[in-house]
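K.L.:
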Amino acid sequence: MEALSILAQVAEPADFGPIGAGIGYGLAAIGPGIGIGYIVGKSVEAMARQPESAGMVRTTMFLGVAFTEAIALIGFVVAMLVQ
Amino acid sequence: MEALSILAQVAEPADFGPIGAGIGYGLAAIGPGIGIGYIVGKSVEAMARQPESAGMVRTTMFLGVAFTEAIALIGFVVAMLVQ
Amino acid sequence: MEALSILAQVAEPADFGPIGAGIGYGLAAIGPGIGIGYIVGKSVEAMARQPESAGMVRTTMFLGVAFTEAIALIGFVVAMLVQ
Amino acid sequence: MEALSILAQVAEPADFGPIGAGIGYGLAAIGPGIGIGYIVGKSVEAMARQPESAGMVRTTMFLGVAFTEAIALIGFVVAMLVQ
Amino acid sequence: MEALSILAQVAEPADFGPIGAGIGYGLAAIGPGIGIGYIVGKSVEAMARQPESAGMVRTTMFLGVAFTEAIALIGFVVAMLVQ
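Chains as they are written, first to last, in the UniProt record's numbering: chain A, 1 to 83; chain B, 1 to 83; chain C, 1 to 83; chain D, 1 to 83; chain E, 1 to 83.
1. Quick check on DSSP: helix, strand or coil for ALA14/D?
2. Below 8 Å, how does it come out for the region 72-80 of chain C and the region 72-79 of chain B: are there three or more Cβ pairs, yes or no?
3. Between the region 43-58 of chain D and chain C, which residues of the former have a C-beta closer than 8 Å to a C-beta of the latter?
4. Say whether chain A places a C-beta atom closer than 8 Å to the C-beta of PHE76/C.
5. How many angstroms separate the CA atom of ARG49/A from the CA atom of GLY41/A?
6. Start and end of the alpha helix (DSSP H) containing GLU69/D?
7. Can you give the Cα-Cα distance for MET80/D and ALA21/D, rounded to whole angstroms?
8. Given that a residue counts as buried once 16 or more other Cβ atoms are within 10 Å of its Cβ, and exposed if not, what is ALA66/E?
9. Go ahead and pull the three-state DSSP assignment for ALA21/C.
10. Helix, strand or coil: which one does DSSP assign to ALA29/B?
11. Of all the CB atoms in chain B, is at least one closer than 8 Å to the CB of PHE16/A?
12. Note down, in chain order, every chain E residue with its Cβ under 9 Å from the Cβ of LEU73/D.
13. Give me the Cα-Cα distance between LEU63/E and TYR38/E, rounded to the nearest whole angstrom.
14. Can you find a heavy atom of the ligand GDP that lies under 7 Å from the Cβ of VAL65/A?
15. Which bits of chain C does GLY64/D rub up against, with CB to CB less than 8 Å?
16. Considering only the beta carbon of each residue, do ILE34/C and GLY33/D sit closer than 8 Å?
17. Is the Cβ-Cβ distance between GLY17/C and ILE23/A less than 8 Å?
18. Using the C-alpha atoms, what's the distance from VAL44/E back to SER43/D?
19. Would LEU81/C count as contacting chain A if we go by Cβ distances under 8 Å?
20. Would a check of beta-carbon distances place ILE19/B closer than 8 Å to chain A?
21. With a threshold of 6 Å on Cβ separation, who are the neighbours of ALA46/C within its own chain once the five nearest residues in sequence on each side are excluded?
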């Protein structure tokens with residue numbers, strides 16, 4: 001006679017991916033949001049005061065916005081990776 | 001005689017999606033909220049001081065608002081993805 | 001007669017990697033986002049006021065952006081390590 | 001007759017290393033990110049206003065950037081230690 | 001007759017050391033990072049405006065940086081103690 005009784009209680013581990021993704025992008029968006037705001041705000045101020053420098057200002061502004069936006073986009077990549 | 005009894009009790013893992021989505025968009029909205037505020041605030045200041053530059057200022061302001069708003073909208077996308 | 005009864009209750013440890021990665025990059029991106037914004041904002045202001053210094057300003061601006069961006073990229077490395 | 005009954009309830013301790021590392025570097029990177037931004041922003045402003053002091057300004061700027069970057073790098077060390 | 005009954009209920013306590021260390025150094029580094037940035041930024045500004053005071057400014061700057069850096073280093077000690 002063979003009696004084999006298995007009582008298994010398996011609790012799957014919680015998946016913290018969504019929280020990690022949310023925290024990851026969420027926090028990563030705070031700084032660039034403020035930073036781009038500061039860049040464009042200062043650019044607008046500079047353009048209005050020295051309209052003859054508007055071209056140079058706008059070029060530099062786009063450069064800075066690109067660098068700053070990149071920080072937020074890396075946050076999006078992190079969110080997708082840990083999701 | 002073979003007696004094989006399996007009693008399995010599986011506890012479904014908790015779903016942290018809503019928390020992740022809430023944290024994700026919530027945090028992502030802090031920075032752009034401040035940033036757009038700074039952009040429009042400085043634009044208004046510049047326009048009032050140099051009314052002749054109002055058109056250029058308004059164009060640049062819309063550009064900056066679009067870039068900053070994009071950061072918050074990506075946060076919305078993250079929230080929908082991890083929901 | 002062989003009686004083999006196994007009562008196993010296994011609770012796999014939760015994997016906090018995603019949360020650690022999210023917190024790691026997310027927080028690390030706040031400062032550089034604001035910092036690069038400040039650098040470029042001040043550079044734009046300086047360029048418009050002293051257009052003759054534009055070259056020197058842009059060189060220093062790129063130096064500063066590189067140092068600041070590095071802080072965010074180290075955060076990305078930390079996120080990948082603890083993921 | 002052999003009766004073998006195993007009742008095992010194993011709950012491995014959660015590993016908080018990733019969260020500690022994420023919090024450690026993440027928070028530690030906020031201040032230096034803003035600080036370096038302020039240093040370089042002010043340096044750029046000073047250089048454009050007094051181009052004759054550009055050398056002295058750049059030397060002091062690098063000194064300050066090094067001290068500030070060190071704070072973020074110690075955060076990286078902490079993250080590696082607690083990982 | 002051999003009766004072998006094993007009843008193991010092992011629940012090791014969670015180790016919060018890494019989180020404590022991460023929070024400890026991480027938070028402690030925010031202030032000094034911003035503070036040193038402000039000190040050096042203002043020093044650079046002052047040096048460029050009054051180059052004849054550059055020596056005095058640099059001495060005082062190092063004093064301030066040392067005091068501020070000490071705050072971050074005490075945070076590192078705390079992190080090592082609670083790890």
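Beta carbons are placed, not taken as given, at the ideal position from N, Cα and C, and that holds for glycine.
No experiment lies behind these values; they were computed from the predicted model shown.
P.N.:
Let me spell this out:
1. The count along the fourth sequence starts at 1 and reaches residue 14/D at position 14. ALA14/D: coil per DSSP, three-state reduction.
2. no
3. SER43, VAL44, GLU45, MET47, ALA48, ARG49, PRO51, ALA54 and ARG58
4. Here the question's residue 76/C lines up with position 76 in the third sequence. Chain A, which has a Cβ nearer than 8 Å to the Cβ of PHE76/C, makes this yes.
5. For the purposes of this step, residue 49/A is taken as the residue at position 49 of the first sequence. For the purposes of this step, residue 41/A is taken as the residue at position 41 of the first sequence. C-alpha separation (whole angstroms): 13 Å.
6. Taking the fourth sequence and counting its residues from 1, the one referred to as residue 69/D is at position 69. Counting along the chain, the alpha helix (DSSP H) containing GLU69/D begins and ends at 54-82.
7. Numbered from 1 along the fourth sequence, position 80 holds the residue referred to as residue 80/D. Numbered from 1 along the fourth sequence, position 21 holds the residue referred to as residue 21/D. Roughly 7 Å between the two C-alpha positions.
8. In the fifth sequence, counting from the first residue as 1, residue 66/E sits at position 66. It is exposed - the Cβ of ALA66/E has fewer than 16 other Cβ atoms within 10 Å.
9. By 1-based counting over the third sequence, the position of residue 21/C is 21. Reduced to three states, the DSSP call for ALA21/C is helix.
10. Here the question's residue 29/B lines up with position 29 in the second sequence. Note: ALA29/B maps to coil in three-state DSSP.
11. Counting from one through the first sequence, the residue named residue 16/A turns up at place 16. PHE16/A counts as touching chain B.
12. The residue you call residue 73/D lines up with position 73 of the fourth sequence. Those within 9 Å of LEU73/D in chain E number zero; the least Cβ separation is about 10 Å.
13. The residue labelled residue 63/E in the question sits at position 63 within the fifth sequence. The residue labelled residue 38/E in the question sits at position 38 within the fifth sequence. The straight-line gap from Cα to Cα measures roughly 14 Å.
14. In the structure on display, the ligand GDP does not appear, and there are no ligands present to speak of.
15. Here residue 64/D corresponds to residue number 64 of the fourth sequence, with the count starting at 1. By Cβ distance, chain C contributes nothing, its closest Cβ being about 11 Å from GLY64/D, past 8 Å.
16. The sequence position of residue 34/C within the third sequence is 34, counting from 1. The sequence position of residue 33/D within the fourth sequence is 33, counting from 1. A contact, by the Cβ cut-off of 8 Å.
17. One-based indexing of the third sequence puts residue 17/C at position 17. One-based indexing of the first sequence puts residue 23/A at position 23. Not in contact: GLY17/C and ILE23/A (Cβ atoms no closer than 8 Å).
18. Locating residue 43/D in the fourth sequence gives position 43, where the first residue counts as 1. Locating residue 44/E in the fifth sequence gives position 44, where the first residue counts as 1. So the alpha carbons of these two residues sit roughly 6 Å apart.
19. On the third sequence, residue 81/C is found 81 positions in, with the first residue counted as 1. Judged by the 8 Å Cβ criterion, LEU81/C is not in contact with chain A.
20. Walking along the second sequence from the start, residue 19/B turns up at place 19. Taking Cβ atoms only, chain A reaches closer than 8 Å to ILE19/B, which makes this a yes.
21. Locating residue 46/C in the third sequence gives position 46, counting from the first residue. So the qualifying residues of the chain are VAL57.
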